[in-house]
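K.L.:
Numbering (this note's numbering), first residue to last: 393 to 661.
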Amino acid sequence: MKGIMEATKDVRAIEVENVSFSYNGVRALTDITFSVDEGEFVAVMGPNGSGKTTLLRILLGMLKPESGKVRVFGFDPCRDAEKVQSLVGFMPQKEHISTKPPLLVKDVVLMGRAARKGILSPLSKEDVEKAREALEAVGLEKVWDTKFSELSGGQQQRVLLARALAVEPKLLLLDEPFNGVDIPSQNRIIELLDRLSKKGVTVLAVVHNVSPLIHHIDKILLLNKELIAYGSPGDVLMPENMIKAYGAIIPIIVCEEGFAHPLFGDTHG
Ligand SMILES: Nc1ncnc2c1ncn2[C@@H]1O[C@H](COP(=O)(O)OP(=O)(O)OP(=O)(O)O)[C@@H](O)[C@H]1O
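Laid out in structure tokens, this is it:
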């Protein structure tokens, strides 16, 4: 642990330099360069197939870039996979959770902590407490003993988020965390992510609708297989960037507080 603390001192949470990646010879990402400081809250946007999930998988060390350099708190996610995974909480876009035997919600939330300890170490009281707290943070404390498969899609998403939170990560990588999540729960999660980032947790969240996050994020990373723009929401949400990314004019309104909000066909968003 001491090694990790020393290594993470004065280094950026994420450094990506000239990274390219292909699936079977087909380019998914080309020459991506950006960095994220510790405690920053970043939204990743782009159309379907623009490489957002691929980027998260590269940061997790699940995919090895064909060229370029990736560092997470100074560690190479492929070479130092264990170290990186001990610092990251990941919420996938979707995940197949076994129904045979049927897993309870508590089993799913505890999975992350269990994976870190290894199969030979039993879960402690602290593990259970952290898992309960995480479930409470997403507003689902009442389903602790419920079968995961019996929850709605939005509730399952929130449980997967709780699993990512339960490991007390320094970096949260979230792939569409609001998919199917109702508006009150979404607002509660956004407030939680805001509080965590203010406490120094770095958050990188892939979202299609950035509007609800606009007042909370530091930066937007706009992708379309290449990096279209990266910077403050006001700088990124420019008509020319949106056309480059989405191939269409996306209306942008500025709210009373002066934040730019893109309107993806939902003028009440
Ligand atoms: N396992 C895979 N094998 C082959 N091609 C893949 C694989 N996963 C993704 N791709 C392709 O890579 C490109 C980027 O996919 P990716 O899932 O990263 O996009 P995304 O921006 O997350 O999309 P979405 O918004 O639809 O979730 C797409 O063209 C996709 O078809």
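Every residue gets a Cβ at the ideal spot worked out from N, C-alpha and C, and that includes glycine. What you are looking at is a predicted structure, and each value in this text was computed from that prediction instead of being measured.
#1: Please classify THR659: does DSSP put it in a helix, a strand, or coil?
#2: What's the gap between the Cα of MET634 and the Cα of ALA556?
#3: Quick check on LEU565: does DSSP put it in helix, strand or coil?
#4: When every heavy atom of ligand 1 is checked, does at least one fall within less than 7 Å of the C-beta of GLN485?
#5: Are LYS492 and ARG505 closer than 8 Å when you measure CB to CB?
#6: In the stretch 495-571, which residue ranges form an unbroken alpha helix (DSSP H) of at least 4 residues, counting only runs that do not cross its ends?
#7: In the DSSP assignment, what residue or residues form a beta bridge with LEU596?
#8: For the alpha helix (DSSP H) containing ARG463, name the first residue and the last one.
#9: I'd like the list of long-range same chain contacts for ASP402, defined as Cβ closer than 8 Å, with 5 residues on each side in sequence excluded.
#10: Report buried or exposed for ASP567, applying the criterion of at least 16 other Cβ atoms within 10 angstroms of its Cβ.
#11: What do you get for LYS517, buried or exposed, if any count of 16 or more other CB atoms within 10 angstroms of its CB means buried?
#12: Please indicate yes or no: does the CB of LYS611 lie closer than 7 Å to some heavy atom of ligand 1?
#13: Using DSSP with H/G/I as helix, E/B as strand and the rest coil, what is LEU447?
#14: Less than 7 Å between the CB of TYR638 and some heavy atom of ligand 1, yes or no?
#15: Should SER427 go down as buried or exposed, given a rule of 16 or more other Cβ atoms within 10 Å for buried?
#16: May I ask whether a heavy atom of ligand 1 can be found less than 7 Å away from the beta carbon of ASN633?
#17: Thinking C-beta only, is ILE642 closer than 8 Å to LEU605?
#18: Can you confirm whether the stretch 450-457 touches the stretch 600-618 when touching is taken to mean that 3 or more C-beta pairs between the two stretches lie within less than 8 Å?
#19: Can you tell me which of ARG404, THR422, VAL418 and GLY531 puts its alpha carbon nearest to the alpha carbon of ALA412?
#20: Find the nearest neighbour of GLY441 within the set LEU553, ALA420, LEU448 and PHE433, judged by alpha-carbon distance.
#21: How would you write the range of the alpha helix (DSSP H) that PRO625 sits in, first residue to last?
P.N.:
Concretely, from the data shown:
#1: Mapped onto the sequence shown, residue 659 falls at position 267. Confidence at THR659 is low in this model, with a pLDDT of 43, below 50, so the placement of that residue is unreliable and no value is reported for it.
#2: For the purposes of this step, residue 634 is taken as the residue at position 242 of the sequence shown. For the purposes of this step, residue 556 is taken as the residue at position 164 of the sequence shown. Cα-Cα distance, rounded: 31 Å.
#3: Taking the sequence shown and counting its residues from 1, one reaches residue 565 at position 173. Residue state, collapsed to three classes: strand.
#4: Sequence index remark: in the sequence shown, residue 485 carries index 93 (1-based). Flag set: Cβ of GLN485 near ligand 1.
#5: Within the sequence shown, numbered from 1, the residue matching residue 492 stands at position 100. Within the sequence shown, numbered from 1, the residue matching residue 505 stands at position 113. For LYS492 and ARG505, no; Cβs fall outside 8 Å.
#6: Counting whole runs of 4 or more residues, the stretch 495-571 contains the alpha helix (DSSP H) stretches 497-509, 517-529 and 545-558.
#7: Within the sequence shown, numbered from 1, the residue matching residue 596 stands at position 204. Answer is VAL434 and LEU565, bridged to LEU596.
#8: Here residue 463 is taken as the residue at index 71 of the sequence shown, counted from 1. DSSP places ARG463 outside any alpha helix (DSSP H); the residue lies instead in the beta strand (DSSP E), whose first and last residues are 459-464.
#9: As a position in the sequence shown, residue 402 is number 10, starting the count at 1. Within the same chain, and ignoring the five residues on either side of ASP402 in sequence, no residue has its Cβ closer than 8 Å to its Cβ.
#10: Taking the sequence shown and counting its residues from 1, the one referred to as residue 567 is at position 175. Label assigned to ASP567: buried.
#11: For the purposes of this step, residue 517 is taken as residue 125 along the sequence shown, with counting starting at 1. Counting Cβ neighbours within 10 Å, LYS517 comes out exposed, since fewer than 16 surround it.
#12: Against the sequence shown, residue 611 aligns to sequence position 219. Checking the Cβ of LYS611 against ligand 1 gives no.
#13: Taking the first residue of the sequence shown as position 1, residue 447 is located at position 55. LEU447 falls in the helix class under three-state DSSP.
#14: As a working mapping, residue 638 is identified with position 246 in the sequence shown. In this structure, TYR638 has its beta carbon at no less than 7 Å from each heavy atom of ligand 1.
#15: Position 35 of the sequence shown, counting from 1, holds the residue named residue 427. Counting every other CB atom within 10 Å of its CB across the protein chains shown gives SER427 a total below 16, marking it as exposed.
#16: On the sequence shown, residue 633 is found 241 positions in, with the first residue counted as 1. Answer for ASN633: no, Cβ out of range of ligand 1.
#17: Here the question's residue 605 lines up with position 213 in the sequence shown. Here the question's residue 642 lines up with position 250 in the sequence shown. No. Outside cutoff.
#18: A contact between stretches requires three or more CB pairs, one per stretch, nearer than 8 Å, and the stretch 600-618 fails this requirement with the stretch 450-457.
#19: The residue labelled residue 412 in the question sits at position 20 within the sequence shown. As written in the sequence, residue 412 is Ser, which differs from the Ala given in the question. Nearest of ARG404, THR422, VAL418 and GLY531 to SER412, Cα basis: THR422.
#20: What you label residue 441 is simply residue 49 of the sequence shown in a count that begins at 1. Among LEU553, ALA420, LEU448 and PHE433, the Cα nearest to that of GLY441 belongs to ALA420.
#21: On the sequence shown, position 233 is the one that residue 625 refers to. From DSSP, the alpha helix (DSSP H) with PRO625 extends over 625-628.
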